[in-house]
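Only one structure is covered here, and it is reproduced in the block below.
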Amino acid sequence: MSITVAELMTTDVITLPADATIGEAMGVLAETEYRHLPMLDEGRVVGMLSDRDLRRIEGLMALAVEDPAKTQEVLDQPAASLLSGEPVTIEGDASVAHAIDILVRERVGALLVVDGAGMLTGMLSYIDILEAARASFE
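The sequence shown begins at 0 in numbering that gives the first Met the number 0 and counts up by one.
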């Protein structure tokens, strides 16, 4: 019998509203140990912002440091403007083997776990999988 995504996923997920700003997203990532933040619109997944997405604007932020108004302009932009492509999702009843296939194929660090209506139920990262696999090596 295969292990399902729901058995390994994290259910206590920190999220951002779809209308969050870059500054708000940077604040949440700075205050937590998380590297992925699902963005939701009324509970439905619209994207996933990662620390990698925010690093793409570091150059712009470096230029803006000299001008506080410019810095604030960047921080006030919608975080959704940094999203690249559709979010990579999976349902909780899928096998972890299938989730691994998706993680490798899509080259992402985490999958958003959704129900049939697209509502977020959790998140499965490669760390969750490695922690579960570790037990088999002890």
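Heads up, the beta-carbon is just placed ideally off N, CA and C, and yes, glycines get one too.
Limits of the alpha helix (DSSP H) - the one that residue i falls within
i: V27; result: I21 to E30
Same chain, Cβ closer than 6 angstroms to residue i, neighbours up to 5 away in sequence not counted
i: A131; result: L7
Classification of residue i by the beta-carbon crowding that lies within 10 angstroms, buried from 16 upward
i: M47; result: buried
i: M118; result: exposed
i: A19; result: buried
i: A68; result: exposed
i: S49; result: buried
i: D100; result: exposed
i: V138; result: There is no way to answer for residue 138, as the model of the chain reaches only from 0 to 137.
Assigned secondary structure, residue i (DSSP; H/G/I helix, E/B strand, else coil)
i: D75; result: coil
i: A68; result: helix
i: V95; result: helix
i: A132; result: helix
i: S49; result: strand
i: A5; result: helix
Same chain, Cβ closer than 7 angstroms to residue i, five either side skipped, listed in chain order
i: D40; result: A17
i: V27; result: I13, L15 and L36
Run of the beta strand (DSSP E) containing residue i, from where it starts to where it stops
i: D40; result: H35 to D40
Contacts around residue i, its chain only, beta-carbon distance under 8 angstroms, and the 5 residues preceding and following it disregarded
i: T3; result: G91, D92, A93, S94 and V95
i: M122; result: M8, T9, V12, H35, P37, A109, L110, L111 and V112
i: I89; result: V4, H97, A98, I101, L110, L111, V112, V113 and L123
i: L53; result: I21, A24, M25, L28 and L81
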